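**Q**
In the numbering used here, the protein residues as written are 210 to 383.
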């Protein structure tokens with residue numbers, strides 16, 4: 210939940226975000242999870258989401274642990290549509306470096322109770338983002354994971370998310 214998202218009405222979004230942050234501060238959840246980076250298609254300059262540092266500072270000041278999730282890669286084409294029409298699935302593949310930075314920019318974020326979650330190696334193994342892994346379509350569009358992918362990863366991801374939440378609430382980094 211960044212504080213300044215380009216392309217949206219800043220006044221309307223600002224009011225909503227402020228209300229949401231105040232609500233989080235008042236209910237004091239065990240942890241907050243948010244996407245902290247933004248990867249735009251065809252660009253190698255993955256960055257922190259606008260306003261995320263200020264958001265993290267507020268959550269930190271409230272003493273709430275934070276799970277910082279790296280964004281999925283984003284592509285210039287719809288990976289699922291490409292998969293349906295391509296002669297070979299590999300025709301749709303994109304090098305990871307065309308969407309994501311070599312290292313996660315979120316690793317530089319200061320926060321006492323911050324834990325990083327980066328699914329990049331699952332999404333784009335071997336530095337290549339493919340439209341399918343095995344017989345499962347990875348993406349449903351240009352960046353969102355498909356329901357079958359999420360379902361296939363559910364058992365493994367539950368333990369990863371659980372470890373991240375436990376580490377965040379313990380003030381540790383896994």
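Think of the CB as a built atom: it goes at the ideal place given N, C-alpha and C, for glycine as much as any other residue. Since we're looking at a predicted model, the values are computed, not measured.
1. So, residue 315 versus residue 354, is the Cβ gap smaller than 8 Å?
2. To the nearest angstrom, how far is the alpha carbon of residue 371 from that of residue 324?
3. If we call anything under 8 Å between Cβ atoms a contact, is residue 298 one with residue 339?
4. Using DSSP with H/G/I as helix, E/B as strand and the rest coil, what is residue 325?
5. Give me the DSSP bridge partner(s) of residue 295.
6. Residue 224 by DSSP, collapsed to three states: which one?
7. Following the continuous alpha helix (DSSP H) through residue 261, name the residue where it begins and the one where it ends.
8. To the nearest angstrom, how far is it from the Cα of residue 328 to the Cα of residue 359?
9. At the level of alpha carbons, what is the spacing between residue 280 and residue 334?
10. In angstroms with no decimal places, state the Cα-to-Cα distance between residue 332 and residue 231.
11. What is the rounded straight-line gap between the Cα of residue 210 and the Cα of residue 268?
12. For residue 284 versus residue 306, is the C-beta spacing smaller than 8 Å?
13. Check the DSSP bridge columns for residue 348 and list the partner residues they point to.
14. In or out: residue 311 buried (at least 16 other Cβ within 10 Å) or exposed?
15. Please name the residue in 361, 278, 223 whose C-alpha comes closest to that of residue 245.
16. Alpha carbon to alpha carbon, how far is residue 376 from residue 350?
17. For residue 233, name the three-state secondary structure that DSSP assigns.
18. Under DSSP, the beta strand (DSSP E) around residue 273 begins and ends at which residues?
**A** Judging by the given coordinates:
1. Translated into positions along the chain shown, residue 315 becomes position 106. Translated into positions along the chain shown, residue 354 becomes position 145. No, Cβ-Cβ distance for residue 315 and residue 354 is not below 8 Å.
2. By 1-based counting over the chain shown, the position of residue 371 is 162. By 1-based counting over the chain shown, the position of residue 324 is 115. If you take the alpha carbons of residue 371 and residue 324, they lie about 11 Å apart.
3. Sequence index remark: in the chain shown, residue 298 carries index 89 (1-based). Sequence index remark: in the chain shown, residue 339 carries index 130 (1-based). It is a contact, given that the beta carbons lie within the stated cut-off.
4. Stepping through the chain shown from its first residue, residue 325 is reached at position 116. DSSP places residue 325 in strand when its eight states are reduced to three.
5. Against the chain shown, residue 295 aligns to sequence position 86. Residue 295 pairs with nothing; no bridge assigned.
6. Counting from one through the chain shown, the residue named residue 224 turns up at place 15. It is helical.
7. To locate residue 261, count along the chain shown from 1; it is residue 52. Taken as a continuous stretch (DSSP letters only), the alpha helix (DSSP H) holding residue 261 covers 261-270.
8. Reading the chain shown from its first residue, position 119 is the one you call residue 328. Reading the chain shown from its first residue, position 150 is the one you call residue 359. Taking the straight line from one Cα to the other gives about 12 Å.
9. To locate residue 280, count along the chain shown from 1; it is residue 71. To locate residue 334, count along the chain shown from 1; it is residue 125. Near 15 Å, if we compare the C-alpha coordinates of residue 334 and residue 280.
10. Position 123 of the chain shown, counting from 1, holds the residue named residue 332. Position 22 of the chain shown, counting from 1, holds the residue named residue 231. For residue 332 and residue 231, the distance between alpha carbons rounds to 34 Å.
11. By 1-based counting over the chain shown, the position of residue 210 is 1. By 1-based counting over the chain shown, the position of residue 268 is 59. Residue placement at residue 210 is flagged as unreliable, the pLDDT there being 48, under the threshold of 50; the coordinate-derived value follows with that caveat. For residue 210 and residue 268, the distance between alpha carbons rounds to 11 Å.
12. As a working note, residue 284 is residue 75 in the chain shown. As a working note, residue 306 is residue 97 in the chain shown. Contact: no.
13. Along the chain shown, one-based indexing puts residue 348 at 139. Looking at the DSSP assignment, residue 348 forms a beta bridge with 354.
14. On the chain shown, position 102 is the one that residue 311 refers to. Exposed, by the Cβ-count rule.
15. Reading the chain shown from its first residue, position 36 is the one you call residue 245. Comparing Cα-Cα distances from residue 245 to each of 361, 278, 223, the minimum goes to 278.
16. If you number the chain shown from 1, residue 376 lands on position 167. If you number the chain shown from 1, residue 350 lands on position 141. Roughly 32 Å between the two C-alpha positions.
17. As a working mapping, residue 233 is identified with position 24 in the chain shown. Three-state result, residue 233: helix.
18. What you label residue 273 is simply residue 64 of the chain shown in a count that begins at 1. Here residue 273 belongs to no beta strand (DSSP E), and DSSP marks it neither H nor E.
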